[in-house]
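K.L.:
Per the numbering used here, the sequence shown starts with residue 808, numbered consecutively. Ideal Cβ positions, reconstructed from N, Cα and C, are used throughout, including at glycine. Note that this is a predicted model, so its numbers are computed, not measured.
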Amino acid sequence: MRDFKDDDFLVANAPMMMIAIDNDAGKYIFGQDASGNFNGWAPKDDAAFSINTRKLMRSGGWAERDASGNLQAVESGIVTLGSFEDPANDTAYYIFGDPRDTTVDNSVNFDFAGPVNEAIRSYERLADGAANGGTGLTISADGRTLTRSDGGDWTTEGVDASFVVGGRVGIRDAENATSDTGENNGFLITSITGGVDGSITV
808 MRDFKDDDFL VANAPMMMIA IDNDAGKYIF GQDASGNFNG WAPKDDAAFS INTRKLMRSG
868 GWAERDASGN LQAVESGIVT LGSFEDPAND TAYYIFGDPR DTTVDNSVNF DFAGPVNEAI
928 RSYERLADGA ANGGTGLTIS ADGRTLTRSD GGDWTTEGVD ASFVVGGRVG IRDAENATSD
988 TGENNGFLIT SITGGVDGSI TV
């Protein structure tokens, strides 16, 4: 096996598909090479296998960018300290949104039992056209309520298949630039009306 860094042909013709922001802390960017060029490379997940590529990575988290440099996803690396009473059967869980909201169970189990060293998706950019403001989304006059009109459901899309109270929603390519959150944290979700063409309040 030949290391990528030692192969002159690969270095010249196929720049490394990712960069490390901080090796010690395990922070990476997929889809950008060391020269700052975006290439859109991302790990491949194949449903034919029981464990996908992203779940094989350990001790790190990363951002995934497309060939234009747009943020597509963030995978947060979660590592627990200490031991589990029954590492073969005890499975940790995490919660998106407000953990004080007892009206819904937003808990999600990690994929592997025992001490955690696993990446979980904490941000996902919806496909272009999903909840499109021109055809599929109405924003109230005060800018606080976003109502679907595209047949979509806020509670079945997004990270772990739902937007949740206490989570955040970002708006991109807004006609009013002050509403465009870009890659910032976006707007805090304070309530959700589920179902087809439901609404969220921010």
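1. Nearest by alpha-carbon distance to alanine 874: which of Gln839, Thr860 and Phe903 is it?
2. Whose CA, out of Val923, Val972 and Gly993, lies closest to the CA of glycine 950?
3. What are the residues that DSSP puts in a beta bridge with isoleucine 885?
4. Where does the unbroken beta strand (DSSP E) through lysine 834 begin, and where does it stop?
5. Could you give the distance in angstroms between the alpha-carbon of isoleucine 923 and the alpha-carbon of threonine 945?
6. Given glycine 958, which residues of its chain have a CB within under 7 Å of its CB, disregarding the five upstream and five downstream residues?
7. Tell me the DSSP bridge mates of glutamate 871?
8. Pull up the distance between the alpha-carbon of tyrosine 930 and that of tryptophan 961, whole angstroms please.
9. For serine 890 and threonine 898, I'd like the C-alpha separation in whole angstroms.
10. Classify tyrosine 835 as buried or exposed, calling it buried when 16 or more other Cβ atoms lie within 10 Å of its own Cβ.
11. Just to confirm my understanding: we take threonine 997, look at its own chain, exclude 5 residues before and 5 after, and list those with CB closer than 8 Å. What are they?
12. Restricting to Cα atoms, I'd like to know which of Ala870, Leu817, Leu863 and Ala849 is closest to aspartate 829.
13. Return the first residue and the last residue of the beta strand (DSSP E) that alanine 827 is part of.
14. Can you tell me which of Leu888, Thr910, Thr909 and Arg861 puts its alpha carbon nearest to the alpha carbon of glycine 921?
15. Got a sec, what are the start and stop residues for the beta strand (DSSP E) asparagine 916 sits in?
16. Return the CA-CA distance between arginine 928 and phenylalanine 970, expressed in angstroms with no decimal places.
17. Alpha carbon to alpha carbon, how far is threonine 963 from lysine 851? Give it in angstroms, no decimals.
P.N.:
With the structure as the only source:
1. Gln839
2. Gly993
3. Glu925
4. 834-837
5. Note that residue 923 is valine in the sequence shown here, rather than isoleucine. Taking the straight line joining both Cα atoms gives about 41 Å.
6. Val1003 and Asp1004
7. Phe837 and Ala880
8. 15 Å
9. 12 Å
10. buried
11. Val972, Thr1008 and Val1009
12. Ala870
13. 825-829
14. Leu888
15. 914-916
16. 13 Å
17. 23 Å
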